[in-house]
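For reference, the structure discussed in these notes is given below.
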Amino acid sequence: MTAPIVVFAYNRPQHLARVLRALALNAGADRSALIVYCDGPKGEMDAALVAQTREIAKATTGFASVEVIERQENFGLSCSIIGGVSEICGRFGRAIVLEDDVVPTPFFLGYVNDALDFYADDDRVISVGCHTFDSGFDLPETFFLDIPDCWGWGVWQRSWLSFETNGLVLLNQIRSRNAQAIFDVDGVYPYTSMLEAQVRGENQSWAIRWYAQAFLSGKLVLYPRRSVTLNIGFDGSGTHGGERSGYRGIQVIDRPISVSATAVQQCVPAREAWKLALLAMAGAPVPALVRAIKHRLRRAYRRLAPHIGKAAS
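Its first residue numbered 408, the sequence shown is counted upward by one per residue in our numbering.
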């Protein structure tokens with residue numbers, strides 16, 4: 408089954424053009440419905456860029472169909488994604504999601520569609536992730552983590568319907584379980600603080616709430632051994648991104664990914680690699696901790712290597 412592709416855009420016509428060109432090069436694009444949500448301008452200052460972005464979307468070819476939804480008001484990214492994904496999942500039962508600064512590789516659609524088919528009826532899996540932090544270790548072809556991805560992802564209506572969007576409800580549940588440190592990836596990254604900031608109205612992040620939902624429900628996310636997307640938004644052009652060197656230098660995969668039976672359980676080496684990446688991203692001056700995590704990763708990998716790739720019963 409070919410899932411519809413949903414792209415969220417605002418006022419970056421050049422970024423959107425690059426994303427759509429790359430997407431059209433994917434095998435299966437010509438069999439896929441493309442829906443582009445174009446957010447409305449905040450005012451006269453960005454009206455021209457918003458108009459240019461919409462023209463790029465309307466001129467897109469190479470897909471089975473192209474639908475451009477033009478918002479008259481500025482919804483903001485969070486409301487756009489929550490509302491748009493809800494609408495498309497309601498219409499089609501699943502969706503492949505990109506933002507206007509996430510460029511897919513030629514193997515993106517094949518991987519996400521295969522994964523959406525393979526795990527469609529497995530309630531343990533909440534979504535399909537596409538961005539993998541480089542680890543330096545030979546991870547399995549696909550693996551599972553408990554942290555959802557927002558740089559190109561696939562989702563089913565069955566899991567999206569469970570999304571609790573009230574950040575305070577999610578935060579209170581995490582606190583009641585005394586699970587803040589685990590939610591912060593064993594204290595490595597301030598995800599709890601991000602959720603608290605969302606509750607206070609200091610950010611509108613949908614992604615921190617989606618992570619909290621996955622965390623609290625004990626769900627897992629499928630990932631590829633190397634990224635099938637590349638984020639080009641950390642050039643200062645985005646509303647929320649800014650410039651972060653920790654996200655650069657990501658290696659994308661140069662071949663198709665085989666989606667097959669994989670044990671539906673957290674991949675310990677991959678999670679340790681995620682910790683290292685979060686530390687680097689935050690610019691944390693903690694070489695001793697980094698060495699300790701690397702040591703734990705190597706031990707975990709040696710212990711689990713004989714079992715990696717075996718299917719769960």
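We put the CB at the ideal spot given by N, CA and C, even for glycine.
Treat the numbers as computed from the prediction; the structure is a model and nothing was measured.
Return yes when the Cβ of residue j is within less than 7 Å of the Cβ of residue i, no when it is not.
{"i": "Pro676", "j": "Phe544", "result": "yes"}
{"i": "Ile615", "j": "Asp508", "result": "no"}
{"i": "Gln673", "j": "Phe551", "result": "yes"}
{"i": "Ile495", "j": "Val519", "result": "no"}
{"i": "Ser634", "j": "Thr539", "result": "yes"}
{"i": "Leu441", "j": "Val473", "result": "yes"}
{"i": "Ala522", "j": "Val666", "result": "yes"}
{"i": "Gly500", "j": "Val535", "result": "no"}
{"i": "Leu546", "j": "Gln580", "result": "no"}
{"i": "Ser566", "j": "Ile533", "result": "yes"}
Would you kindly work out how many angstroms separate the C-alpha atoms of residue i and residue j, rounded to a whole number?
{"i": "Ile589", "j": "Phe570", "result": "20 Å"}
{"i": "Ala436", "j": "Arg582", "result": "44 Å"}
{"i": "Asp556", "j": "Ala464", "result": "24 Å"}
{"i": "Met408", "j": "Asp446", "result": "29 Å"}
{"i": "Asn418", "j": "Phe514", "result": "27 Å"}
{"i": "Thr460", "j": "Thr467", "result": "11 Å"}
{"i": "Ala687", "j": "Tyr596", "result": "11 Å"}
{"i": "Arg438", "j": "Ala586", "result": "44 Å"}
{"i": "Pro420", "j": "Ala458", "result": "9 Å"}
{"i": "Tyr444", "j": "Val475", "result": "6 Å"}
{"i": "Gly594", "j": "Ala621", "result": "18 Å"}
{"i": "Val671", "j": "Glu679", "result": "17 Å"}
{"i": "Glu548", "j": "Asp591", "result": "26 Å"}
{"i": "Ala454", "j": "Pro448", "result": "5 Å"}
{"i": "Lys682", "j": "Glu451", "result": "42 Å"}
{"i": "Phe470", "j": "Arg584", "result": "46 Å"}
{"i": "Gly608", "j": "Glu477", "result": "26 Å"}
Quick one: residues in its chain with C-beta nearer than 8 Å to the C-beta of residue i, no 5 flanking neighbours on either side, listed in chain order?
{"i": "Leu505", "result": "Ile412, Val413, Val414, Phe415, Val426, Leu430, Pro511, Gly559 and Thr636"}
{"i": "Gly517", "result": "Asn433, Ala434, Gly435, Pro663 and Ile664"}
{"i": "Asp528", "result": "none"}
Should residue i be labelled buried (16 or more other beta-carbon atoms within 10 Å of its own) or exposed?
{"i": "Leu423", "result": "buried"}
{"i": "Asp530", "result": "exposed"}
{"i": "Gln479", "result": "exposed"}
{"i": "Ser600", "result": "exposed"}
{"i": "Leu627", "result": "buried"}
{"i": "Gly491", "result": "buried"}
{"i": "Arg498", "result": "exposed"}
{"i": "Leu568", "result": "exposed"}
{"i": "Glu603", "result": "buried"}
{"i": "Ala410", "result": "buried"}
{"i": "Ala684", "result": "buried"}
So, at 6 Å on beta carbons, what are the nonlocal neighbours of residue i in its own chain, with the 5 sequence-adjacent residues on each side left out?
{"i": "Val606", "result": "Gly574, Leu575 and Leu578"}
{"i": "Leu456", "result": "Asn418"}
{"i": "Asn610", "result": "Ala604"}
{"i": "Thr669", "result": "Thr549"}
{"i": "Tyr526", "result": "Val532"}
Excluding the 5 residues flanking residue i on each side, which residues of the same chain have their C-beta closer than 7 Å to its C-beta?
{"i": "Tyr618", "result": "Ile554, Pro555 and Tyr598"}
{"i": "Ser612", "result": "Ser485, Met601 and Gln605"}
{"i": "Ile488", "result": "Phe415 and Trp613"}
{"i": "Asp524", "result": "Met408"}
Just list the alpha helix (DSSP H) runs in the segment 543-624, keeping only unbroken ones of 4 residues or longer that don't cross its boundaries, in chain order.
-> Within the segment 543-624, the runs of alpha helix (DSSP H) at least 4 residues long that lie entirely inside it are, in chain order, 564-567, 574-583, 587-590, 598-606 and 613-624.
Ordered list of alpha helix (DSSP H) runs contained in the segment 454-508, each at least 4 residues | Within the segment 454-508, the complete alpha helix (DSSP H) runs of at least 4 residues are 484-499.
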